[in-house]
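Report on one structure; see the data block that follows.
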Amino acid sequence: MRTLSSRFSLKQYSVLPGFGITMGLSLMYLSLLVFIPIAMVFLNSSQLGWGKFMEIVLSPRVLASLKVSFGASFLAATVNAVFGLLLAWVLERYTFPGKRIVDGLIDLPFALPTAVAGISLTTLYAPNDWIGRLFEPLGLKIAYTPLGITIALIFISLPFVVRTVQPVLQGMDREVEEAAACLGATRFQTFRKVILPVLLPAVITGFALAFARSLGEYGSVVFISGNMPMYTEITPLLIRTKLEQYDYAGGTAIAAVMLVISFLMLLVINLIQWWAGNRDKG
0 MRTLSSRFSL
10 KQYSVLPGFG
20 ITMGLSLMYL
30 SLLVFIPIAM
40 VFLNSSQLGW
50 GKFMEIVLSP
60 RVLASLKVSF
70 GASFLAATVN
80 AVFGLLLAWV
90 LERYTFPGKR
100 IVDGLIDLPF
110 ALPTAVAGIS
120 LTTLYAPNDW
130 IGRLFEPLGL
140 KIAYTPLGIT
150 IALIFISLPF
160 VVRTVQPVLQ
170 GMDREVEEAA
180 ACLGATRFQT
190 FRKVILPVLL
200 PAVITGFALA
210 FARSLGEYGS
220 VVFISGNMPM
230 YTEITPLLIR
240 TKLEQYDYAG
250 GTAIAAVMLV
260 ISFLMLLVIN
270 LIQWWAGNRD
280 KG
């Protein structure tokens, strides 16, 4: 009797329509925006045949662009995982003048057009400009190098880590840290054994989001990279070059490889996140 009453109550007071309608609309929405476009990438690339497909994706230029894109994205996400955590900690645990301004600036890469960000970073780090000329006498070139690409990706992906870690820090009970200190734990021990296990799933999630965002970035990178084949050419730019040359099959073949590698890396990251969450519960 209680089961029937609870079911009737759930249907009576449910804000959204039933499971069947909402699931159907959700699947339709995902299909139109995600599944069908991704399926078309693999469908177009399959027209090449396996031999031609492998010839395209294993060409030195494509492999070099994949190395630049994935290497710079991974490095940028790693840097942001460390310093994004530190920045989130400062914003949540300390009060200082201008805190709201700093907190608002975190979201600037979300609102700023990526082309504007790319031009601004190139202006700063070019050899004869503000910051670039300081490193030029040391023989360190930033713009038009993989280092410049990494800096651009760090800029556009920083908010993902900060905004993912902040809510977890807000919900943490500071009495647990005080209890650890009362029991004789050092600051490092408290961070490693008390704080980090709670924050680790959020940090991994922020890392995954930052990595995914960096991997598909184009506007902020295309200016500061210099677009030199075999050196600073990113994969999204190479795909666009193929499309501009009306080589649609070649462009979609490269896109398919990028999709598969991205999916596998995100799957590994999600498995690590799942493992970290279960270890914390255990």
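Sequential numbering from 0 applies to the sequence shown in numbering that gives the first Met the number 0.
For glycine and all other residues, C-beta sits at the position ideal for the given N, C-alpha and C.
Practice task
Could you please give the first and the last residue of the uninterrupted alpha helix (DSSP H) stretch that includes F52?
Solution key: W49 to V56
Practice task
Assign R173 to one of two classes, buried (16 or more other C-beta atoms within 10 Å of its C-beta) or exposed (fewer than that).
Solution key: exposed
Practice task
Please check the pair S219 and I141, which I expect to be a contact at CB under 8 Å, by giving their CB distance rounded to whole angstroms.
Solution key: In fact, because the Cβ distance is near 14 Å, the residues do not count as touching under 8 Å.
Problem - R1 versus M22: straight-line alpha-carbon distance, rounded - result: With a pLDDT of 49 at R1, under the threshold of 50, the predicted position of this residue should be treated as unreliable, though the coordinate-derived value follows. Those two C-alpha atoms are separated by around 26 Å.
Practice task
Consult DSSP for D102 and reduce its assignment to one of helix, strand or coil.
Solution key: helix
Problem - Check: F134 C-beta below 7 Å from any heavy atom of the ligand FMN - result: With respect to the ligand FMN, the structure offers nothing, as it holds no ligand at all.
Problem - Euclidean distance between Cα positions of F82 and G117 - result: 21 Å
Practice task
Just tell me which of I130, A252 and L236 has its CA closest to the CA of L42.
Solution key: The residue among I130, A252 and L236 with its C-alpha nearest the C-alpha of L42 is A252.
Problem - Spatial distance of F109 from L157 (CA atoms) - result: 10 Å
Exercise for the section: Have a look at W273, L263, T234 and I268 and flag the residue whose alpha-carbon is nearest the alpha-carbon of I55. Expected result: T234
Problem - For T77, the three-state DSSP class (helix, strand or coil) - result: Assignment of T77 by DSSP, reduced to helix, strand and coil, places it in the helix class.
Practice task
Write down the C-beta distance between V67 and I148 rounded to the nearest angstrom, noting that I regard them as a contact closer than 8 Å.
Solution key: 7 Å
Handout entry: Start and end residues, alpha helix (DSSP H) containing P235
Key = T234 to E243 is the extent of the alpha helix (DSSP H) around P235.
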